[in-house]
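For reference, the structure is listed below as structure tokens.
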Amino acid sequence: MTTQCKALIMATYNLFLLPGDGIGPEVMAEVKKLIAWMNGHGMGTFRTDDGLVGGSCYDAHGVSVTDETVDKAKAADAVIFGAVGGPKWDKVPYDARPEAGLLRLRKDLGLFANIRPAICYPALAESSSLKRDVVDGLDIIILRELTGGVYFGEPKTITDLGNGQKRAVDTQVYDTYEIERIARVAFELARKRRNKVTSMEKRNVMKTGVLWNEVVAQVHAREFKDVELEHQLADSGGMQLVRWPKQFDVIVTDNLFGDILSDIAAMLTGSLGMLPSASLGEVDPKTKKRKSLYEPVHGSAPDIAGKGMANPIAMIASFGMALRYSFNMGREADLIDQAIAAALAKNLRTADIKSEGCKLVGTAEMGDAVIAELTRLAAA
Ligand code: IPM
Ligand code: MN
38 MTTQCKALIM ATYNLFLLPG DGIGPEVMAE VKKLIAWMNG HGMGTFRTDD
88 GLVGGSCYDA HGVSVTDETV DKAKAADAVI FGAVGGPKWD KVPYDARPEA
138 GLLRLRKDLG LFANIRPAIC YPALAESSSL KRDVVDGLDI IILRELTGGV
188 YFGEPKTITD LGNGQKRAVD TQVYDTYEIE RIARVAFELA RKRRNKVTSM
238 EKRNVMKTGV LWNEVVAQVH AREFKDVELE HQLADSGGMQ LVRWPKQFDV
288 IVTDNLFGDI LSDIAAMLTG SLGMLPSASL GEVDPKTKKR KSLYEPVHGS
338 APDIAGKGMA NPIAMIASFG MALRYSFNMG READLIDQAI AAALAKNLRT
388 ADIKSEGCKL VGTAEMGDAV IAELTRLAAA
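Remember, the numbering used here sits 37 above the position in the sequence shown when you count from 1.
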């Protein structure tokens, strides 16, 4: 069958693109190029629609995400998300702050499983602040629970106590089912990798930590005895992540610890600009589909926004994760990863990963280089 003929019978996937704020639109532009390239090379048929989220949505509509956008995100085959936030919106009401748009999308789409792989490409081992042998060849996953915990627990308030004092309350809350389902994702991921799960919590000070530890151990004993399970306290786990990260395979942890530990993990790879992520919902038993959103772990980087110097790799690799996890296109996702590695091996570097003797390039040049490598690899 010719490639063209194959393209005709290929499924059409609807992608909903939410570039957001700051460098979001710049890095998303590179994904748009990539989508056009894939459509043009018989590697899927992708239709795209764009929407506003975060501060840019607030400026247009007075909220950080509209109901219409949430509905479109629910209807899409996958959401590709850039980044939100920036000092411009520091003073907007708390409920309308840019981050609230992202949090609502995660909650309303039920995206409880956030997969954050930290892979250190050989070419970047020197860019990490850690010694080469600590990070070279690193390949771990931080699996972050994304719809529970202190991010969403109620009450979440600041109360005036009337005596010149205020009291702020955030609530860390987890139910058994929330821990069970994220634990299952962790064990299933590990089975396809090096078969080891490390669960991190603070059972020495938190009730949610006690329950987390207990439930993960039960799911393991009941359903995943073949997988190695280890428990670490989250503070000590953070220390181990910078001491010897290669001891880990899949780390499973709650929403807040996962936020912090994944930023640490990002630096192991050389830069926050390198880390992609996938946020997945439950598999629908009828359609076998799951809601999904793909976003880089980095933020909107307002300090470099508009300068064309942001690293698009985390965003491009997030699209690669969409191919892998939403469209079962593992081969194409592998090609994208190889193309990223090849562009880096040619010593092209954006500012965040620059090193001596390498060529400094901008966002668009890096995106073009990845596509050029892809073209070469696809023809091989
Ligand atoms: C992340 C971000 C978000 C989070 C912010 C933007 C709300 O830091 O995805 O890691 O804290 O979850
Ligand atoms: Mn974060």
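We put the beta carbon where it would ideally sit given N, CA and C, even for glycine.
Per DSSP, residue 366 is not a residue of any alpha helix (DSSP H), being assigned neither H nor E. Annotation for residue 183: 143, 148, 149, 150, 151, 292 and 316 place their beta carbon closer than 7 Å to its own, counting only its chain and skipping 5 residues before and after. Residue 222 counts as buried, since at least 16 other C-beta atoms from the protein chains shown sit within 10 angstroms of its C-beta. Counting only residues whose CB is nearer than 6 Å to a non-hydrogen atom of the ligand MN, the list in chain order is 296 and 300.
Straight across, the Cα-Cα distance linking residue 106 with residue 141 is about 11 Å. The beta carbon of residue 249 lies closer than 6 Å to those of 216 and 238 in the same chain, with the five residues before and after it left out.
Where residue 316 is concerned, the enclosing beta strand (DSSP E) starts and stops at 315 to 317. For residue 68, same chain residues with a beta-carbon under 7 Å away, outside a window of 5 residues either side, are 117, 352, 353 and 356 in chain order. Closest by C-alpha distance to residue 344, out of 49, 54, 61 and 53, is 61. Annotation for residue 136 indicates a beta carbon within 7 Å of some heavy atom of the ligand IPM. Two segments are said to touch when three or more pairs of C-beta atoms, one from each, lie closer than 8 Å; by this definition the region 308 to 325 touches the region 151 to 168. Shown here, residue 417 sits in coil according to DSSP, grouped into three states, outside any helix or strand. With contacts defined as CB atoms closer than 8 Å, residue 295 and residue 181 qualify as a contacting pair. Bounds of the beta strand (DSSP E) holding residue 266 are 265 to 270. Scanning its chain for C-beta atoms nearer than 7 Å, with the 5 sequence neighbours on each side dropped, one finds around residue 230 the residues 286 and 287, in chain order.
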